[in-house]
Amino acid sequence: MSDHALPNLLLNDFSGDNLLKLPSNFYKTARSYLDKRSLKKIQKAYSVAFYAHLNQKRRDGSKYISHPEEVAMILLDLKMDTDSICSALLHDVLEDCDVTKNNLQNLFGPDVAEIVDGVSKLGKLDIKSGTEREVNNLQKMMLAMSKDVRVVLVKICDRLHNMRTIEHLPRFKQIQKSKETIELYGPLALRIGMQDIRSELEDLAFRCIHPLRASMLESAIKKSSGGRKKIVTKIRKELKRRLKSNGIEDVAVKGREKNIYSIYRKIKSKHKPFSEILDVYGFRILVDSVDDCYRSLGIIHNYFSPIENRFKDYIAIPKSNGYQALHTSLLALNAFPIEVQIQTRNMSSIASFGIAAHWQYKTKEENISSGLRATKWLTGLVDLQKKTNTPAEFAQSVKTDLSSDEVYLFSPKGDIYALRKGATPIDFAYEVHTDLGDTIIGCRVNRNDVPLNIELETGQTVEIISSKKDFELDPSWLNYVVTSKARSAIRTRLRKQKTSDARKAGKVLLETELKRGGKSLSEYRGTPLKRILDSIGVTSLNKLLTDLGLGKRTGSIIAERFYSGLKIREDIKEINPVLILDNKIESVTVRFAKCCMPVYGDDVVAHSDTERGIVIHHKRCKQVSQFLKKDSRYLPAIWGENKKEHQYKAKIDINTEDKVGVLSDLGSVFARSAINIGSVNTMTIDKKFAGFEIEIEVKDKEELQNIMQKVRSMKLTTSCKRNINEK
Ligand code: MN
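Position in the sequence shown (first residue = 1) + 22 = this note's numbering.
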């Protein structure tokens, strides 16, 4: 075969003749439990992997294919299904080889393609800060990203083989990989219930990081095991004899081996000397049925005295990773504290091999697709690592964890955040920091601009674009968030916004009133100001201004207090109008009244409204004209020069002859002048005439008058009037 044989082979499919032979021990193990068709598929996967990695070498100089081959071997030993084995063989071909996901899909079907793709993606995740929260989220993210649990399984076996051959890496990489293994892959293996692989991963990593401590521990264990052996054998035989004589026939009793890392961890965390930790003798009793488990428990409690409060029933209430057993502690032969685990053989196998064992037991019985079954099993395990004390608590934790689906997201720096499913960029921003949420104006997901209300998906990188400028928050955001953190932050912000608007409006009102007496608020400070506030009965100026803005107090009365406070009274002057600049009065955003719809250039009045802040009305609008002189909350206003382009809504009433096509004629008049129509209300006046109430958008009074002139000049128009809600 030439170096370039691969692309052709991939295109033409491996049909038989050009398949490579499987290595002999590999073939033997596979043949022991897989049928011919499966073997053929595995052979095909082996061949593709072989050619894909043809020119690559491992660090120790061996051919690269030896790595995927070994990873697949681990899975073969676990008796995993054909697609898992194929995926293990192919797990590295998407990296640096000329193979695409599509190629895999065509050759091996969607399952293998998805698993291999998933494994490659997991390979790109790594630990940044190493905090417990990050590692925990990273694990959950890996599980969530792996829609098929076999992805995690292959990834863990990949890591296991890399750890077995870690000596070929440079030292700093060894340390890095080992730490990652202890923090991430060990717990991940435990999460999917693979206790044996977890122990091996941890021991390999521990030996790599602390070679000296590991070898000291190992030799200490060896030394102590001489004397121990006798005792262990004695207790083991005694246990077995008692059980058998009480009718538990098919029973095995084993001394339990502890992995060195778990001993090390105990020494470190419990600050107990080595001897004490090793002096607890562990036994495992294996029986055939759940019934026998409970009976065995009763029997041994009869002969050895139980140590109080050490009994745990993980059969009735399994651990979150599926682990089941009865745990008890006893005093054996009146002298030795022992820990006993009682399980069925099935439970024991699941505890050691997790999902893999589950696979074997279920494959023959069930007919559902293997991927789906795996996912179901996984769903039962993921994210349930909470300590629970009562069955009710356990049931509750299962329920909430399964129903509250989460999504896992990256910040641009690579930090991981877990959010409720349905979360939007706004939720994400508030999760990162309240300040970020308060200033969000845009968002990029995987470097593409997206709207703020999209639903985020696991694995996405979310970049929040924030504004340094203060802006008014949109209350509709409350509809776009699902997290309580975001919701309460937005509510707080909206409340603040309302009072700050009111305060600003109140200031405008008071300043305007004071101007009438030739005064300004800035002239009032310190003790005189305090005295005035006391006489009014408020605690602070801000409170007073807010009250004024909300219409709880009257400006002119308050102003009187201020005048008397300074004990100077000049002649009251005509009130000065407030200035509307870019739709703001003194930086308070104003609203335009819907009743009269004033446009730029109209004679207007500013009204400080209790609920809405400052509202601008047309001077002749009946809502305001009658109050203008009497109520200090109605201020004359004038327009400043608008620097920004604003559009103002206006209402006009048009009467026409009622002929076919009159509305479309009207429409085209507005269209030709590029004027937007907001809404049209049509009324029949009588047989001959029709009326239209039309809402349009104009930039000022002049443009409004021009367009009205054009409407009037139409042949069918009989009248065209502005509607400003006059009496
Ligand atoms: Mn690999």
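Think of the CB as a built atom: it goes at the ideal place given N, C-alpha and C, for glycine as much as any other residue.
Can you say whether Arg81 is buried or exposed, counting buried as having 16 or more other CB atoms within 10 angstroms of its CB? Per the 10 Å Cβ criterion, exposed.
Helix, strand or coil for Ser351 per DSSP? Here Ser351 sits in strand by DSSP.
How far does the alpha helix (DSSP H) with Arg547 in it reach, from first residue to last? Premise fails: Arg547 is in no alpha helix (DSSP H) and is neither H nor E.
Which of the three DSSP states is assigned to Gln648 in this structure? Correct three-state label for Gln648: coil.
Ligand 1 and His190: does any heavy atom of the ligand fall closer than 7 angstroms to the residue's C-beta? Checking the 7 angstroms criterion, the Cβ of His190 is out of range of every heavy atom belonging to ligand 1.
Continuous beta strand (DSSP E) assignments of at least 3 residues falling wholly in the stretch 32-98: If we require 3 residues or more, the stretch 32-98 turns out to have no beta strand (DSSP E) run fully inside it.
With contact counted as at least three CB pairs below 8 angstroms, one residue from each stretch, are the stretch 439-455 and the stretch 170-190 in contact? No: fewer than three Cβ pairs fall under 8 angstroms.
With hydrogens ignored, establish whether the beta-carbon of His89 is closer than 7 angstroms to any heavy atom of ligand 1. Yes, since a heavy atom of ligand 1 falls inside the 7 angstroms radius drawn around the Cβ of His89.
Own chain residues within Cβ distance below 6 angstroms of Asn411, not counting five before or after: Since pLDDT at Asn411 reaches only 35, below the 50 mark, its modelled position is unreliable, and the value read off the structure follows with that caveat. A distance below 6 angstroms between beta-carbons, with the five flanking residues on each side excluded, links Asn411 to no residue of its chain.
Under the three-state DSSP convention, the category Ser305 falls into: Per the sequence presented here, residue 305 reads as Phe, with Ser not at that position. In the three-state reduction of the DSSP assignment, Phe305 falls in the strand class, which pools E and B.
For ligand 1, I want to know if Asp180 counts as a neighbour, meaning its beta carbon is within less than 7 angstroms of at least one of the ligand's heavy atoms. Yes - ligand 1 has a heavy atom lying nearer than 7 angstroms to the Cβ of Asp180.
Which value, in whole angstroms, describes the spacing of the CA atoms of His455 and Lys732? Each residue's Cα considered, the two are about 55 angstroms apart.
For Met185, which three-state DSSP category applies? It is helical.
Ignoring anything shorter than 3 residues, give me the beta strand (DSSP E) runs that lie fully in the stretch 660-740, in order along the chain. Fully enclosed beta strand (DSSP E) runs of no fewer than 3 residues occupy 670-679, 699-706, 711-720 of the stretch 660-740, in order along the chain.
Buried or exposed: which applies to Met102, given that a residue is buried once 16 or more other Cβ atoms fall within 10 Å of its Cβ? Buried.
For the stretch 207-220 and the stretch 178-190, state whether three or more C-beta atom pairs, one from each stretch, are separated by less than 8 angstroms. Cβ pair count under 8 angstroms is three or more, so yes.
Helix, strand or coil for Asp139 per DSSP? Helix.
Let me check you understand the geometry: is the CB of His113 closer than 7 angstroms to at least one non-hydrogen atom of ligand 1? Indeed, a heavy atom of ligand 1 lies less than 7 angstroms from the Cβ.
I think Ser489 touches Ile512, with their Cβ atoms under 8 angstroms apart; what is that distance to the nearest whole Å? Your pair Ser489 and Ile512 does not check out as a contact, with CB atoms roughly 16 angstroms apart and the cut at 8 angstroms.
When you compare only the Cα positions, how much space is there between Asn289 and Arg235? For the sequence presented, residue 289 should be read as Ile rather than Asn. Their Cα atoms are separated by approximately 12 angstroms.
Cβ-Cβ separation, Ile636 to Val612 (assumed contact under 8 angstroms), whole Å: Contact holds; Cβ gap of about 5 angstroms.
Assigned secondary structure, Val560 (DSSP; H/G/I helix, E/B strand, else coil): Annotated three-state conformation of Val560 is coil, per DSSP.
If you draw a straight line from the C-alpha of Val702 to the C-alpha of Thr678, how long is it? About 14 angstroms.
Please list, in chain order, all residues of the same chain as Ala52 whose beta carbon is under 8 angstroms from its beta carbon, the five residues on each side excluded. Excluding residues within five positions, the ones whose Cβ falls inside 8 angstroms are Leu44, Ser60, Leu61, Ile64, Leu98, Ile107.
Proximal residues to His190 (C-beta, below 8 angstroms), its chain only, five neighbours per side dropped: Result list for His190: Arg80, Arg81, Asp82, in chain order.
Using C-beta distances below 8 angstroms, list every residue in its chain close to His323, excluding the 5 sequence neighbours before and after it, in chain order. Answer for His323: Thr350, Leu352, listed in chain order.
Is it right to say Ile607 is buried, meaning 16 or more other beta carbons lie within 10 angstroms of its own, or is it exposed? Buried, by the Cβ-count rule.
Hey, could you find the ends of the beta strand (DSSP E) Glu361 is sitting in? Secondary structure note for Glu361: its beta strand (DSSP E) is the uninterrupted segment 358-366.
Check this for me: beta carbons of Ile676 and Leu688, under 8 angstroms apart or not? Yes. Within cutoff.
DSSP three-state call for Arg278: helix, strand or coil? Residue state, collapsed to three classes: coil.
Mapping the DSSP letters down to three states, classify Phe450 as helix, strand or coil. Phe450 falls in the helix class under three-state DSSP.
Taking the C-alpha atoms as reference points, what is the distance between Ala338 and Thr480? Taking C-alpha positions only, Ala338 is separated from Thr480 by approximately 34 angstroms.
Alpha-carbon to alpha-carbon, Lys665 and Pro497: Cα to Cα, Pro497 sits roughly 27 angstroms from Lys665.
Work out the CA separation of Ser237 and Asp225 for me, nearest whole Å. Between Asp225 and Ser237, the C-alpha separation is close to 11 angstroms.
Buried or exposed (CB count within 10 angstroms, at least 16 for buried), Phe493: Exposed is the call here.
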